[in-house]
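Structure first, commentary second.
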Amino acid sequence: MTTTRAAPRTGRVYRYYDLVMVAFVTVLLCSNLIGAAKAAQVTLPWIGPVTFGAGVLFFPVSYIFGDVLTEVYGYGRDRRVVWAGFAALAFATFMSLVVLSMPVAPFMADYQKSLEDVFGNTWRIALGSLIAFCCGSFTNSYVLAKMKLWTRGRWLWSRTIGSTLAGELVDSSLFYVIAFYGIWPLEKVVQVAVAQYVLKTGWEVVMTPVTYRVVGFLKRAEDEDWYDRDTDFTPFRLRV
Numbered sequence: 001m002t003t004t005r006a007a008p009r010t011g012r013v014y015r016y017y018d019l020v021m022v023a024f025v026t027v028l029l030c031s032n033l034i035g036a037a038k039a040a041q042v043t044l045p046w047i048g049p050v051t052f053g054a055g056v057l058f059f060p061v062s063y064i065f066g067d068v069l070t071e072v073y074g075y076g077r078d079r080r081v082v083w084a085g086f087a088a089l090a091f092a093t094f095m096s097l098v099v100l101s102m103p104v105a106p107f108m109a110d111y112q113k114s115l116e117d118v119f120g121n122t123w124r125i126a127l128g129s130l131i132a133f134c135c136g137s138f139t140n141s142y143v144l145a146k147m148k149l150w151t152r153g154r155w156l157w158s159r160t161i162g163s164t165l166a167g168e169l170v171d172s173s174l175f176y177v178i179a180f181y182g183i184w185p186l187e188k189v190v191q192v193a194v195a196q197y198v199l200k201t202g203w204e205v206v207m208t209p210v211t212y213r214v215v216g217f218l219k220r221a222e223d224e225d226w227y228d229r230d231t232d233f234t235p236f237r238l239r240v
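Heads up, the sequence shown is in UniProt numbering, so the first residue is 1 and it goes up one at a time.
Laid out in structure tokens, this is it:
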């Protein structure tokens, strides 16, 4: 039978925790380094052309992983994963800046321009991405952990969707304000931020059946179902 604990047991080893962490970090890096460079456009019925960052198709998956981690393993272990993702994203940003700033061989001059177009984010975009990810992820995890206590573990859909609504609101608001305020017209910043928010949270709703299956599998496989009754919710620590 699945257990319900208020705090982690020291030394507890999980079968799939590390795999979920790796999947989370992989999705985070790919969606920021690959998808962020392209603006896609689709034409929707009754709405018309809608432009959005291609990364929005995959970045919300990191929030689904965050929901799964908090629901099964608790806020403390999800906090470690968020910091692992933050460190990976910060290193990738730093590496991009260093590699692009190095002198280029003459025969690579044209290729250098392509690299700069794809990986040469401005400092505001890089900073906005890091801050928004960190604040949004912790908001998502905190809200889900608290809602699990309020609902007494019932209505998983309400906390996965509710936590994503809160986390993505923080993420989208911070990123577009930090990255583009004063560069884009204010109405454009708001318009794009709202569009991204709707698309990201819509993904959570669509993926709810998948989230249910993954959470159910992990709870059975790990014999774990965390309740953060006595958790220290400060984000500024790594210890579980």
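All C-beta atoms in this analysis are idealised placements derived from N, C-alpha and C, irrespective of residue type, glycine included. Since we're looking at a predicted model, the values are computed, not measured.
Check	Outcome
By how many angstroms is the C-alpha of residue 188 removed from the C-alpha of residue 121?	19 Å
Find out if the Cβ-Cβ distance for the pair residue 24, residue 62 is shorter than 7 Å.	yes
Which term fits residue 103, buried or exposed, when burial requires 16 or more other beta carbons within 10 angstroms of its beta carbon?	exposed
Helix, strand or coil, according to DSSP, for residue 54 in the structure here?	helix
For residue 13, which of helix, strand or coil comes out of DSSP?	coil
Buried or exposed for residue 44, going by 16 or more other Cβ atoms inside 10 Å?	exposed
Is it buried or exposed, residue 228, if we count other Cβ atoms within 10 angstroms and call 16 or more buried?	buried
Helix, strand or coil for residue 102, going by three-state DSSP, please let me know.	coil
Between the C-alpha atoms of residue 194 and residue 107, what's the straight-line distance to the nearest angstrom?	43 Å
Going by DSSP, what residues sit across from residue 42 in a beta bridge?	50
Nearest by alpha-carbon distance to residue 21: which of 233, 87 and 50 is it?	87
Using only the alpha-carbon positions, how far apart do residue 115 and residue 220 sit?	45 Å
Measure the alpha-carbon distance for residue 181 versus residue 118 and round it to whole angstroms.	22 Å
What number of angstroms, rounded off, separates the C-alpha of residue 250 from the C-alpha of residue 147?	Only positions 1 to 240 of the chain appear in the structure, and residue 250 is not among them; the question remains open.
Here's the rule I'm using: 16 or more other beta-carbon atoms within 10 Å means buried, otherwise exposed. How should residue 205 be labelled?	exposed
Which stretch, first to last residue, makes up the alpha helix (DSSP H) that contains residue 66?	60-73
Anyone know if the C-beta pair for residue 81 and residue 89 falls short of 7 Å?	no
Just grab the DSSP bridge partners of residue 184 for me.	181
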